[in-house]
Each structure stands twice: as C-alpha cells, then as structure tokens.
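Enquirer: Input: one structure, supplied below.
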Amino acid sequence: MLEAILRSRREEQEILLMTHIVIGYPSFDDSLRVVEAMVEAGVDVMELQIPFSEPIADGPVILHANQQSLAAGSSVDLCFEFGEAVSRRFDIPFLLMTYYNILFKHGIDAFAQRMADAGLAGAIVPDLPPEEADEYLAAMQKRDLAPIFIFSPNTSDARMGEIARVAKGLVYCVARKGVTGADTTFSEDLDAYLARCRAATDLPLALGFGVKDRADVDHLRGRVDLAVIGTQTIRVMDEQGVDGVKPFIEGLRGPA
Amino acid sequence: MLEAILRSRREEQEILLMTHIVIGYPSFDDSLRVVEAMVEAGVDVMELQIPFSEPIADGPVILHANQQSLAAGSSVDLCFEFGEAVSRRFDIPFLLMTYYNILFKHGIDAFAQRMADAGLAGAIVPDLPPEEADEYLAAMQKRDLAPIFIFSPNTSDARMGEIARVAKGLVYCVARKGVTGADTTFSEDLDAYLARCRAATDLPLALGFGVKDRADVDHLRGRVDLAVIGTQTIRVMDEQGVDGVKPFIEGLRGPA
Amino acid sequence: MRERGYYGDFGGSFIPEILVATFDELVDAFAEAKADPAFWREYETLMSSYSCRPTPLTYAENLTEHFGGGRIFIKREDLNHTGAHKANNVMGQGLIVKRMGKQRVIAETGAGQHGVAAATMAAKFGFDCTIYMGEVDVQRQRPNVFWMEQLGAEVVPVSSGTRILKDAINEAFRDWVTNMDTTHYVLGTACGPHPFPEMVTWFQSIIGSEARRQVLEQTGQLPARVYACVGGGSNAMGIFSGFLDDPVELVGVEAGGRGLETGEHASRLASDDASVGIAQGYKTYFLQDGDGQMKETHSIAAGLDYVGVSPILADLREAGRVRFAAATDEEVVEALRLTIRKEGLIPALESSHGFVQAFKEAPTLSRDDVIVINQSGRGDKDIFTVADAIGDPKWKQFIREKAEEYDA
Amino acid sequence: MRERGYYGDFGGSFIPEILVATFDELVDAFAEAKADPAFWREYETLMSSYSCRPTPLTYAENLTEHFGGGRIFIKREDLNHTGAHKANNVMGQGLIVKRMGKQRVIAETGAGQHGVAAATMAAKFGFDCTIYMGEVDVQRQRPNVFWMEQLGAEVVPVSSGTRILKDAINEAFRDWVTNMDTTHYVLGTACGPHPFPEMVTWFQSIIGSEARRQVLEQTGQLPARVYACVGGGSNAMGIFSGFLDDPVELVGVEAGGRGLETGEHASRLASDDASVGIAQGYKTYFLQDGDGQMKETHSIAAGLDYVGVSPILADLREAGRVRFAAATDEEVVEALRLTIRKEGLIPALESSHGFVQAFKEAPTLSRDDVIVINQSGRGDKDIFTVADAIGDPKWKQFIREKAEEYDA
Ligand SMILES: Cc1ncc(COP(=O)(O)O)c(C=O)c1O
Ligand SMILES: Cc1ncc(COP(=O)(O)O)c(C=O)c1O
C-alpha cells in the first residue's frame with residue numbers, strides 16, 4: 171500500500187518530502203492547521219508523533235513538543251481521533267510515529283486495528299528493533315500496514331538485510347549518529363552509506379535527521395526517494411507560527 | 171617562714187582566711203585596691219594568680235579572669251612587679267598561684283629568685299605534681315620559699331604522706347572533685363577526708379573549692395586552719411565592684 | 002540478529018537502531034570478561050586495593066536487643082570508597098571500558114551517589130566524564146554535584162520531563178546515540194537494555210558472595226531473611242545474588258513515599274499502582290498511566306525515586322522468589338535515627354528503607370534466626386535532606402549565617 | 002608515686018592532684034590491656050567487623066606518572082567508619098572504658114572528626130557522651146556537629162580562649178576533674194598526659210603495621226619515605242610506628258597556614274616559632290610567647306590547628322628520626338584538587354598536608370623508590386571549607402537558596 175503510493179508519487183517527483191509533527195503541539199487545532207498547510211505545500215507523506223513521556227531517540231525540540239502536548243492533555247485516544255480526521259480529509263499517506271510502550275500498553279493488535287480503522291498507512295517505532303517485533307509485525311501485516319524500520323550508518327550490511335526482510339513501505343535511513351534535531355553535514359560518507367542501504371533493500375529510502383533546507387533537499391535528489399524534514403518544521407512553527415510552515419515547505423522543493 | 175607566720179596568726183584566730191585574686195583582673199589598679207580591701211578586712215594570706223592562657227584546673231569565673239587579664243596586657247613581669255608592690259606594702263604573706271609553664275618558660279630557678287626578691291612567701295602550682303617537681307623543690311628550698319601542694323579527696327593515704335614530705339608552708343586541701351567555683355556541700359565525708367589529711371601532715375591545712383560564705387567558714391572552724399575563698403571574692407567584685415569586697419570578707423568571720 | 006537478554010518475561014533490549022552495534026560490542030565485551038577468570042580477579046584486586054572490599058558484615062547487637070527478635074547483621078556497603086555500593090558497579094564497568102578502548106564515560110545520577118562514583122572511576126581511569134542529573138536532584142544533592150565537578154566531570158542538569166532520575170537516563174541515552182564510538186554509558190543500576198541488568202548485577206554480586214561467606218563464618222548459619230532497598234535494584238540484586246539458591250527469604254523494600262494510598266511513592270513491585278511496560282530500553286513494571294505515560298514518583302530518597310525497576314527483580318517477584326514491601330518517608334527517618342543512636346551507623350536514606358522493613362519483622366523472629374540488612378550507602382551525603390526531615394534549627398541557623406557570609 | 006611516661010625529654014604527666022588516681026587507674030588498665038594478647042585480638046576483630054580494617058594501600062598510578070618520580074602509595078584511613086583514622090583510637094579506648102566499667106565518655110574535637118568518632122563509639126558501646134568543641138570549630142564544622150547530636154552526644158561549644166581545639170581540651174579536663182568516677186576522657190590524639198600519647202599511638206599503630214605488610218606484599222620493598230600530616234600527631238605516629246626500626250625516612254607535615262613567615266600557622270616542629278613548654282598536662286613544643294602564654298594558631302584544616310604536638314614526635318625530631326615540613330593553606334588546596342582529579346580520592350584537608358610534601362619530593366626520587374602517604378581521612382566533611390577555598394559560585398548560590406527556603 172504505502173510503498174505503491176510512494177512509487178507512484180516518485181514517478182512525478184524526483185524527491186518526495188516527508189514531514190513530522192507531534193500531535194497536539196502546540197495544540198490540536200494548530201496541529202490540524204499545520205497538516206493542512208503541509209498538504210497544500212505538497213508534502214508527500216507525514217509522520218504524526220503520538221507523544222510519549224520518555225522519547226529517548228528525540229532531541230530537545232521534539233522532546234519539548236512531546237512534553238508540551240502531554241501537559242496540554244494529549245492522550246492516545248485523542249491522537250487516534252486526530253489521525254483519523256486528517257487521513258480522511260487529506261489525500262496523502264499518514265504514518266504514526268511513537269515509542270513502543272504506547273503500543274504495548276494499548277495492546278499491539280488493538281493498536282494496529284485502530285490504525286487501520288483510522289486509515290493510517292504505517293508506523294515508525296524507533297525503540298522497537300526487529301528482534302522484539304514479532305507480535306507487532308504480525309498485527310501490522312494482518313492489516314496491510316507498513317512497519318517502518320530504520321537503518322543507521324553503523325548498521326551492518328548483514329543486519330540491513332535482516333531488517334529489510336521485515337520492513338514494509340519505506341526504510342528510514344538515519345543520516346548520522348545522534349538524536350533528531352542536530353545539524354548534519356552531508357559528506358561523502360553519506361554516499362557510501364546510502365549505497366549500502368540501497369543494496370540492502372528495494373523499498374523507497376527516506377533520509378532523515380538534520381535535513382533542514384533546500385540545499386539539503388537538493389543534495390538528496392537522486393540519492394534517496396524521500397527527504398524527511400522533522401525538527402526543522404517544528405522550529406519554523408515555533409519561530410514563525412503556523413503561517414510560516416507553508417512557505418517553508420514550498421521553498422524546499424519549489425522554484426529557486 | 172610561711173608556716174611560722176600562719177601558726178602565729180592561728181594563735182589569735184580560730185580560723186584563718188586565705189583569698190585569691192587574678193593579678194590584673196579587671197585591671198592592675200583594681201587588683202591593688204582589692205588587696206588593700208582584703209588586708210583591711212583582715213585576710214591572713216593571699217594567693218595572687220599569674221594568669222595563664224590554659225588554666226585547666228580553674229572553673230569559668232577564674233578562667234574568665236585569666237583571659238581578661240591577659241587580654242588587657244598582663245605579663246609575668248607586671249605580675250612580679252605587682253607581687254613585689256603588695257608584699258612590700260602589706261604585712262601579710264602573699265603566695266603566687268600559677269601553672270607550671272609560667273615557671274618553666276621563665277626558668278624555674280630564676281622564677282624562684284624573683285619570688286624571693288619580691289618578698290613572696292610561696293607558690294601553688296596546680297598542674298605540677300611532686301613527681302615532676304624536683305627542680306622546683308630545690309629552687310624553692312634554696313630560698314626558703316614554700317612549695318604548696320594539694321591533697322584531694324581521692325589522694326590515697328600513702329600518696330598524702332609522700333606529698334607531705336615535700337610540701338612546705340601549708341597543704342591545700344581540695345574539698346571536692348571539680349574545678350574552682352562550683353558549690354560544695356560540706357558533708358560527713360569531709361570530716362573523714364580532713365582526718366586523713368590531718369594524719370598525713372602537721373602543716374596547717376587550708377580548705378578550698380566552694381567556700382563562699384560565713385556558714386561555710388563557721389563549718390570549717392576547728393576542722394582546718396585556713397578557709398580559702400577563691401571564686402566567691404571574684405564574683406563579689408564582679409557583681410558589687412571593688413567596694414563590695416571589704417564588707418564581704420569582714421562578714422565571713424566578723425560578728426554575726 | 003542477536004538474542005536479547007530476557008529474565009522471564011522482563012528485560013530485553015528496546016534500543017534505537019543506531020545503538021544496536023554499540024550494544025553488540027558491549028554484550029561481547031561483557032561476555033568475554035565474564036568468561037575470563039583473570040577479569041574477575043582483576044576486579045577483586047581493584048576493589049580491595051582502591052575501595053575496601055570485602056566490606057564488613059557488622060553484628061548490630063544493640064538493635065538486636067532493642068527489638069528482641071532475630072539477630073541483625075548489617076552488610077556495610079557504606080564503607081566502600083565514595084560511600085555506597087555504586088562503587089562496585091562503576092569500577093567493574095570501568096574495567097570493561099578499558100577493554101573496549103573507549104575514552105569517555107557518561108552516567109545518569111539520581112541521588113548523586115552513582116554520579117560521584119562514576120566521576121571517581123573516570124578520574125582514576127583517566128576518562129572524560131559527563132554526568133546527567135535531573136534539575137530537582139541537582140538541587141537536593143548539591144554536595145555531590147560539587148564533588149563530581151571537583152573530580153573533573155561535567156554535570157549537566159536535565160530540565161526535561163520530571164527532572165529527576167528517569168529524565169537523566171533519557172538524556173544520557175541522547176548523548177550516547179551521538180557519541181557511542183568514543184563513549185560508554187555507565188548505567189548505574191540493574192535496569193536498562195540488556196546487558197546492563199545482568200552486568201550490573203554481576204558486579205554487585207560481590208556483595209552477596211561476601212555476605213554469604215561472612216554470615217556463615219560469623220554465625221555458622223544462613224540468614225532467615227535478607228533485606229535490601231530497591232531503587233533500580235542493583236544493591237538488592239547484589240546481595241540477593243549470594244542467596245538465590247539458598248532457603249533464604251529475600252525482601253526488597255521500595256520507596257513508600259508519603260504512603261502507598263497517596264499515590265506519591267515509587268513502589269513498582271510492592272504496590273498495585275505499577276504495570277508492565279517498555280521504556281528506557283527494557284521491559285518491566287513501571288509506574289505509568291493507562292496510555293503508557295510515566296508518572297511522577299516521590300521519595301525522600303533521591304536514589305529510589307524511579308519509575309522502573311530491575312527486570313530481574315520483576316521476574317523474581319513473579320516467581321515468588323523475592324517479597325516486596327514499601328517504607329514511607331516518615332518510617333525511614335525514624336529507622337535512620339534509631340540506627341544512628343543504637344549502632345553509630347548512618348545509613349543513607351535509600352538504605353534506611355531496608356532497615357524499616359527489617360525492624361518491622363525482626364521482633365517476629367527468634368534469637369536463633371539471623372537477618373541481614375544491606376546498608377547500601379552512608380548517609381552523610383544526605384545531610385541537607387536529613388537535617389530538613391528532622392527540622393534541626395541549628396542547622397538552619399548555620400545555613401542562614403553561611404548565606405549571609407556569602408552575601409557580604 | 003608512679004613513674005610518669007617520658008619520651009626522651011618530652012611527655013610526662015602534669016595533672017591536677019585530683020586526677021592522679023584516675024590516671025593511675027588508666028595507666029593500669031592500659032598496661033593490662035597491652036599485656037593481654039586477647040585484648041589486641043578483640044580490638045582487631047572490632048575494627049575489622051565494625052570499621053573496615055585492614056584499610057587498603059592504594060597505588061596512585063596517575064599521580065606517580067604525573068610527578069615522574071617515586072611510586073606513590075596511599076594508605077586509606079579515609080575508608081574507616083566515620084571517615085578517618087580517629088576511629089582506630091576511639092574504638093580502642095572504648096574497649097578500655099568497658100574494661101574499667103565506666104559509663105560515660107567525654108572528648109574534645111577540632112575538625113569534628115574525633116567528635117563524630119567518639120560519639121559513634123559511645124552509641125555503639127552504649128555510653129553517655131559529651132563532646133567539647135571550640136565555638137569557632139562548631140561554626141566551621143557544623144555538619145559534624147549535626148551528626149554528633151544525631152548520634153546522641155551532647156556537643157558543648159567552648160567559648161573560652163581561642164575557641165578552638167586547645168580550649169576544647171581544657172574544657173574536657175574541667176569536666177573530667179568533676180566526673181572522673183563515671184567518666185573516661187577519650188583524648189583524640191597522641192598528646193596530653195601519660196598514658197595518652199602512648200595509648201593513642203598504640204591503637205593507631207594498626208595503620209603502620211598494616212601499611213608495612215601491605216607495601217612489602219605489593220612492591221616487595223620498604224618505602225623510601227612515609228608522609229603524614231601532623232596535628233596532635235596520632236595518624237603520623239600510627240603510620241610511623243610500622244617503620245621506626247626500618248631504614249625508612251619519616252616525614253611529618255604540619256600546618257603552614259598562611260606561610261611560616263606570617264606567623265599564622267600551626268607548625269610546632271617545622272618552624273622556629275615554637276619552644277618547649279608544659280601545658281594541657283604534658284611537655285612538648287608549643288607555639289607560645291616568651292611568658293609561656295599559648296599563641297593563636299591558624300590552619301585551613303581545623304584538625305591541625307593546635308598549639309602543641311605529640312611528645313613522642315617531639316622526641317623523634319630531637320633524635321633526628323622524623324623530619325618535619327610545613328604546607329601552606331594554598332598548597333594544600335592545590336594538592337587536594339590534584340589528588341581528586343588524578344586519583345578520584347578526596348583526602349581531608351588535614352591529610353592533604355602530607356600530600357603536599359610528598360608531591361614536592363616525589364619528582365626527586367626514582368621509579369625504583371616507593372613512597373607512602375597516609376590519607377588520614379576523607380574530605381567530604383570539609384565541603385564547606387573546600388567550597389569556600391575554591392570559591393565555587395554554584396555552591397554559594399545553593400546555600401543562599403537553602404537559606405531563603407528556611408526563611409520562608
Ligand atoms: C545508597 C544508595 N542505595 C540505593 C540506591 C538505589 O539504587 P539500587 O536500587 O540500584 O541499589 C542508591 C541510588 O542512588 C543509593 O545511592
Ligand atoms: C582527617 C584528620 N587527619 C589528621 C588530623 C590531625 O590529628 P592527628 O595529628 O592526631 O592525626 C585530624 C584531626 O582532627 C583529622 O580529622
């Protein structure tokens with residue numbers, strides 16, 4: 171499903187854009203307006219993060235957004251309502267991003283069912299390595315949902331192969347060490363790494379962690395299928411308000 | 171010398187009075203006026219304490235007087251000048267009381283010489299036990315000065331005998347445990363103790379530590395030769411000024 | 002892909018992909034060390050020449066008489082260098098770091114005890130060192146922060162989340178995912194992803210093996226019960242390890258805070274308030290809400306103020322092998338005061354939790370029975386907390402005067 | 002009359018008559034204990050089960066490399082229960098008190114370390130306890146006062162004289178002459194009237210005999226030099242005792258305060274400012290004026306801030322057996338910082354004096370030489386002093402905030 175959508179979009183675009191928001195940050199209304207702006211700006215796929223109290227893989231900006239959303243009363247139920255609302259309304263695939271405890275406490279099968287019911291396309295669970303993922307994989311597979319896994323620069327070739335065997339939809343390639351939100355210098359090492367990723371899987375490759383402007387996106391053109399703009403959108407929103415989001419996204423890929 | 175003087179005074183008085191001042195407390199002038207008042211009030215013998223920075227056998231009142239005197243600039247030289255002045259001027263025997271370090275630093279023989287030169291009659295050195303006193307004894311003996319030693323309630327009979335062998339002038343009987351200045355309850359134990367003292371020596375016996383009023387002095391009449399009023403005179407002076415000293419001393423033995 | 006360590010249903014390794022290779026390396030280094038008898042000898046030599054192992058097992062004669070029941074023995078982890086059992090773990094991991102050839106260590110700390118221990122180890126081994134510590138804990142444990150800094154460590158106050166231990170752990174992971182090539186994360190307790198629960202337990206097991214030998218030597222018998230406080234669970238696992246195969250009742254004591262009924266506590270295994278979850282890289286009982294969000298916890302003892310608990314202990318509870326109880330803040334201060342007065346020992350507030358439960362049970366045992374309490378650390382580090390709990394006016398006056406001196 | 006203990010020209014027993022019988026009793030009790038091999042065994046058992054003797058001898062590899070000279074070993078008295086060598090002495094005297102059947106102990110304290118140790122011993126043995134402490138020291142060592150009180154001791158601030166250690170000793174004597182029937186005075190150092198210098202040295206000699214055995218075991222050789230700080234002299238005598246008959250150079254390090262030339266110091270044997278005198282019951286070198294009045298002394302380390310010094314050390318100096326040096330406050334803080342950074346050890350400010358001199362001399366020795374420094378205690382008790390000496394702004398801020406919290 172997800173993979174097919176992405177492939178067909180790729181036929182029209184040399185590089186796709188995937189963006190990230192934390193649901194309920196700074197409010198549910200704002201989240202909705204941001205999604206709207208992004209879709210209008212031509213984003214191809216979105217990650218919707220259900221906030222978690224212990225987001226260990228996230229850097230300060232997203233961490234802060236998680237905490238604010240929770241403090242403002244976000245809940246898993248509300249996040250599903252939100253996910254359902256946007257996926258009904260907008261014609262791009264939406265993914266959930268969250269930590270494994272949210273699925274685990276909800277019941278993994280029930281969680282997948284709710285995802286399917288809400289019309290969501292897949293999920294990214296950064297603290298769930300494939301070794302621990304049997305139940306999750308089964309639940310996702312049953313509903314044709316994409317369990318998205320991650321490659322990192324120090325993932326071995328062998329392990330990439332094993333991950334690729336269970337991944338669906340796309341593979342999220344982390345550009346560098348570290349948490350979300352820090353700058354990335356795109357180097358020659360990146361090409362070698364991406365070559366390894368490409369060799370390991372036929373799935374579309376998304377590259378994230380530190381992609382922040384048009385130059386970055388341009389650099390990725392031809393190297394990967396999707397550029398993931400995560401922290402930077404939240405920064406733009408924090409700094410310029412929701413209205414800043416659309417021009418920012420348009421600028422990433424639009425005419426120079 | 172001292173012994174003879176005391177014996178002859180004893181022929182006139184059933185109980186003699188020995189008093190104590192700290193030289194230079196609260197000032198040298200006041201010390202002189204106190205000596206004057208005491209002699210006029212009929213005191214028979216006086217202890218003049220050369221202040222020491224570490225008076226471990228003294229209680230808070232005399233400790234304080236030591237410190238004040240030193241803080242005001244007292245010195246061993248000044249104390250000797252004072253001792254010489256009063257012993258030239260007044261016709262009672264004066265004793266020095268101080269701690270051993272004062273003698274030791276001065277040179278023990280030189281100290282004794284100065285005592286003799288100043289016309290002083292003897293010395294009480296509470297932290298100098300007879301075992302350590304050979305040099306001191308020789309120096310005192312050479313000048314016919316009285317080395318005064320102490321009996322305490324827990325001095326054994328045997329030890330009393332040994333102390334008596336080296337003591338001259340009088341023996342200072344400590345009435346009880348503790349430092350100077352605390353109250354003493356004169357009990358039957360006291361009689362037994364004094365009987366032991368009497369058996370150990372033919373020297374006049376002085377009883378000190380806690381003698382503070384006429385009742386105490388009356389109680390001691392017939393039991394010892396001298397009553398030592400130490401801390402209480404300093405208290406009187408602290409509370410009533412120098413003028414209070416004479417009536418206080420007179421009241422100790424005078425008509426009721 | 003590699004097998005992740007499970008203890009019954011608990012444990013595992015729920016880590017970001019970027020750390021997988023690092024954990025693989027650590028698992029290997031640990032396995033090699035464990036298989037190498039020379040390594041344990043090196044560890045024991047280090048602990049006996051740098052810290053003072055074996056630590057004594059002290060007969061608490063006065064407390065025994067006071068309670069009139071079982072004979073009370075106290076395992077003296079307070080006598081370790083840096084004042085707590087934390088030294089055992091950091092020194093052991095220090096040796097592992099040396100083997101791996103890394104040059105920098107990071108650590109989280111709650112009470113500050115593990116931070117001081119880690120900074121000490123770093124100084125000794127010549128490693129760079131960064132310590133993550135919740136802002137709240139930086140406040141309540143300032144003396145430890147001061148010493149960590151003197152030891153050359155950088156102390157980073159963590160202002161995210163509840164600003165205590167669990168948040169410091171998150172921050173440490175964030176550092177690690179960036180610097181894993183040069184850096185080892187010295188986790189301070191028997192929690193976290195595999196191999197930490199097992200590795201920390203292994204180093205701490207030196208407590209239990211000593212204690213077992215000592216109690217047999219000194220009394221000729223095994224203890225009826227062994228008590229230990231449970232924060233993350235490392236000191237408890239350390240002493241329990243010595244008695245797992247014996248007919249000895251093992252009792253873990255958690256932070257009852259203001260009382261289990263108030264919800265302001267940190268009892269994961271002794272209360273019904275916790276449920277199984279996965280966070281900070283491992284599966285265990287957490288104090289969390291229905292959505293799986295971690296709750297605020299409370300304890301007078303910063304070192305017990307933690308939402309999760311060792312997966313090994315969670316498993317031992319399920320298996321009925323370890324019994325759990327909770328001690329309230331108030332009971333803890335009472336037990337601390339009594340222990341100081343009666344024995345001249347000053348247990349840490351953390352350790353005092355174990356004393357509370359032992360004191361409750363000692364009278365019900367007979368003089369023929371022996372019980373062992375693990376005094377995981379010493380309490381002088383807690384002077385600000387203890388003086389506050391006791392409300393000593395002279396201490397307050399002293400602090401006021403010091404502040405005036407500084408303002409002058 | 003009885004022979005009073007002299008060490009060459011020094012020592013003796015210059016006590017008020019009222020205490021003579023008490024000292025006779027003590028001399029007898031000590032002589033009996035010393036003659037009874039079971040007593041020393043009891044003492045060793047107590048020290049190994051309640052404190053953690055033998056304390057380690059730690060090889061300071063990093064400091065050794067830093068100075069590039071002799072190999073530096075550190076005897077770890079800081080690992081004793083209560084954090085200093087003072088424990089050795091109080092526990093030993095506690096056993097003597099038990100033998101004498103007394104029920105109350107009193108003690109003086111300067112740094113507070115001996116006070117805490119004595120109060121601890123009293124709690125353990127069930128004695129009543131009063132501690133005399135100069136007002137100035139009560140101020141600078143408040144944490145120790147807090148713990149003494151928690152241990153059940155009454156702490157009496159002494160406001161006479163210079164309001165430090167020597168004045169506390171005077172006050173303790175004043176108490177003793179009143180209560181000698183029930184009370185033993187636990188003098189804290191190798192000073193005072195006979196048998197204290199000898200008795201305290203005997204108990205502390207456990208340091209030296211352990212250190213000698215350990216250094217031979219660990220290096221196969223005797224040390225070239227042994228360094229110890231000297232306040233009253235007990236830790237120095239303790240470690241020196243083990244090497245008196247060996248070709249080992251013994252170095253005592255006194256408080257140089259603001260510099261010997263300033264007169265603000267407490268160097269009795271390393272400076273020309275002291276002269277022989279008799280005070281506090283014994284004969285030794287004192288810092289006194291021409292009249293024999295004791296002078297004010299100064300040291301950053303409360304425990305070294307004393308006018309007198311062990312008569313045994315005075316004798317060993319005259320005999321040329323022990324060499325003396327002084328370390329200034331500034332040098333001490335520097336050596337302390339270096340030791341913390343390099344080895345993860347936190348010597349007490351007192352102990353750090355020994356480190357200063359060892360650091361000065363280590364580079365002049367060869368790698369074939371071994372030197373031993375006695376780390377008499379741990380420095381956490383000194384946090385207020387150390388933080389002030391270092392001028393840590395965060396610590397000051399913390400204290401200000403605490404004060405505000407108390408004022409609220
Ligand atoms: C003295 C002491 N005891 C116990 C603990 C709790 O940790 P654990 O349960 O891992 O032993 C701590 C933690 O800081 C501590 O400092
Ligand atoms: C840690 C420490 N070292 C040394 C001393 C000095 O005493 P001594 O010279 O008797 O060892 C003290 C005194 O309080 C102390 O606390």
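Chains as they are written, first to last, in the numbering used here: chain A, 171 to 426; chain B, 171 to 426; chain C, 2 to 409; chain D, 2 to 409. Just so you know, even glycine gets a beta-carbon here, dropped at the ideal spot from N, CA and C.
If you reduce the DSSP assignment to three classes, tell me which class Y269 (chain B) lands in.
Expert: Correct three-state label for Y269 (chain B): coil.
Enquirer: Indicate, with yes or no, if ligand 2 has a heavy atom lying under 7 Å from the CB of L298 (chain B).
Expert: No, the beta carbon of L298 (chain B) sits no closer than 7 Å to any heavy atom of ligand 2.
Enquirer: Below 7 Å on C-beta distance, what does G260 (chain C) contact in chain A?
Expert: Neighbours of G260 (chain C) on chain A: none; closest Cβ ~24 Å, over 7 Å.
Enquirer: With a threshold of 8 Å, are at least 3 pairs of Cβ atoms found where one atom belongs to the region 263-276 of chain A and the other to the region 202-221 of chain A?
Expert: Yes, since at least three Cβ pairs between the region 263-276 of chain A and the region 202-221 of chain A fall closer than 8 Å, the two stretches touch.
Enquirer: Tell me, please, whether the CB atom of A297 (chain A) is closer than 8 Å to any CB atom in chain C?
Expert: Checking the sequence, you will find Asp at residue 297 (chain A) rather than Ala. So, interface residue.
Enquirer: Using a threshold of 7 Å, is the CB atom of T340 (chain C) nearer than that to any non-hydrogen atom of ligand 1?
Expert: Answer for T340 (chain C): no, Cβ out of range of ligand 1.
Enquirer: Give me the chain D residues within the contact set of R401 (chain C), using Cβ-Cβ distance strictly less than 8 Å, ordered along the chain.
Expert: Within 8 Å Cβ-Cβ: A404, Y407, D408.
Enquirer: Are there any heavy atoms of ligand 2 lying less than 7 Å away from the beta-carbon of V373 (chain D), as far as the coordinates show?
Expert: Answer for V373 (chain D): no, Cβ out of range of ligand 2.
Enquirer: Please tell me whether I318 (chain A) has its Cβ less than 8 Å away from any Cβ of chain C.
Expert: Not an interface residue.
Enquirer: Report the neighbours of Y363 (chain B) on chain D: residues whose CB is nearer than 9 Å to its CB, in chain order.
Expert: Here the premise fails: no neighbours, minimum Cβ distance about 12 Å.
Enquirer: If you run the structure through DSSP and keep just helix, strand and coil, what is F260 (chain B)?
Expert: In this structure, F260 (chain B) counts as coil in the three-state DSSP scheme.
Enquirer: Could you give the distance in angstroms between the alpha-carbon of P374 (chain A) and the alpha-carbon of E173 (chain A)?
Expert: Cα-Cα distance, rounded: 7 Å.
Enquirer: In the DSSP assignment, the beta strand (DSSP E) including K76 (chain D) goes from what residue to what residue?
Expert: Per DSSP, K76 (chain D) belongs to the beta strand (DSSP E) from 72-77.
Enquirer: Counting contacts by CB-CB distance shorter than 8 Å, is A388 (chain D) in contact with chain C?
Expert: Yes, A388 (chain D) counts as interfacial toward chain C.
Enquirer: Does the Cβ of E409 (chain A) have 16 or more other Cβ atoms within 10 Å, making it buried, or fewer, making it exposed?
Expert: Burial call: exposed.
Enquirer: Assign N375 (chain D) to one of three DSSP states: helix, strand, or coil.
Expert: N375 (chain D) falls in the strand class under three-state DSSP.
Enquirer: With a threshold of 8 Å between beta-carbons, can L419 (chain D) be considered close to chain C, or not?
Expert: Residue 419 (chain D) lies beyond the range of chain D shown here (2 to 409); nothing can be said about it.
Enquirer: Quick one: using the 10 Å Cβ neighbour count with 16 as the cut-off for buried, is S357 (chain A) buried or exposed?
Expert: By the neighbour-count rule (16 or more Cβ atoms within 10 Å), S357 (chain A) is not buried but exposed.
Enquirer: Classify S244 (chain A): buried if its beta carbon has 16 or more other beta carbons within 10 angstroms, exposed otherwise.
Expert: Under this definition S244 (chain A) is a buried residue.
Enquirer: Taking 7 Å as the cut-off, is the C-beta of N236 (chain D) nearer than that to any heavy atom in ligand 2?
Expert: Indeed, a heavy atom of ligand 2 lies less than 7 Å from the Cβ.
Enquirer: Say the cut is 7 Å; is the CB of C230 (chain D) nearer than that to a heavy atom of ligand 2?
Expert: C230 (chain D): yes, Cβ under 7 Å from ligand 2.
Enquirer: Taking a cut of 8 Å between CB atoms, which residues from the region 220-254 of chain C lie near chain D?
Expert: Going along the region 220-254 of chain C in chain order, one finds no residue with a Cβ nearer than 8 Å to chain D.
Enquirer: Name, please, each residue of chain C whose Cβ falls closer than 9 Å to the Cβ of M122 (chain D).
Expert: G345, listed in chain order.
Enquirer: Starting from P248 (chain C), follow the alpha helix (DSSP H) in both directions and report where the run begins and ends.
Expert: Note, P248 (chain C): premise wrong, no alpha helix (DSSP H); not H, not E.
Enquirer: Quick check on Y228 (chain D): does DSSP put it in helix, strand or coil?
Expert: The answer is strand: DSSP assigns Y228 (chain D) an E or B state.
Enquirer: Per DSSP, F287 (chain D) is paired with what?
Expert: D:S276.
Enquirer: Helix, strand or coil for G135 (chain D), going by three-state DSSP, please let me know.
Expert: If DSSP states are grouped into helix, strand and coil, G135 (chain D) belongs with the strands.
Enquirer: Along the region 266-292 of chain C, where does the CB come closer than 9 Å to a CB of chain A? Name the residues.
Expert: Those residues of the region 266-292 of chain C that come within reach of chain A (Cβ to Cβ, closer than 9 Å) are S276, V277, G278, I279, A280, Q281, G282, K284, F287, Q289, D290, G291, D292.
Enquirer: List the whole-angstrom C-beta distance separating F385 (chain D) from R141 (chain D), where the pair is believed to meet the contact cut-off of C-beta under 8 Å.
Expert: Confirmed, about 7 Å.
Enquirer: Just to check, is the beta-carbon of Q281 (chain D) closer than 7 Å to a non-hydrogen atom of ligand 1?
Expert: For ligand 1, not one heavy atom lies less than 7 Å from the Cβ of Q281 (chain D).
Enquirer: Under DSSP, the alpha helix (DSSP H) around R405 (chain A) begins and ends at which residues?
Expert: 401-410 is the extent of the alpha helix (DSSP H) around R405 (chain A).
Enquirer: Are there any heavy atoms of ligand 1 lying less than 7 Å away from the beta-carbon of S352 (chain C), as far as the coordinates show?
Expert: Yes, Cβ of S352 (chain C) sits closer than 7 Å to a heavy atom of ligand 1.
Enquirer: Tell me, please, which residues DSSP counts as bridged to D37 (chain D).
Expert: In the DSSP output, where bridge partners are listed per residue, D37 (chain D) has none listed.
Enquirer: Please check the pair V156 (chain C) and A169 (chain C), which I expect to be a contact at CB under 8 Å, by giving their CB distance rounded to whole angstroms.
Expert: Going by Cβ atoms, the distance from V156 (chain C) to A169 (chain C) rounds to 10 Å, so no, they are not a contact pair.
Enquirer: Applying the 10 Å Cβ sphere with the 16-neighbour rule, what's the burial state of S14 (chain C)?
Expert: S14 (chain C) should be labelled buried.
Enquirer: Please name the residue in C:E33, C:G135, C:I374, C:A154 whose C-alpha comes closest to that of T65 (chain C).
Expert: The candidate whose alpha carbon is nearest that of T65 (chain C) is C:I374.
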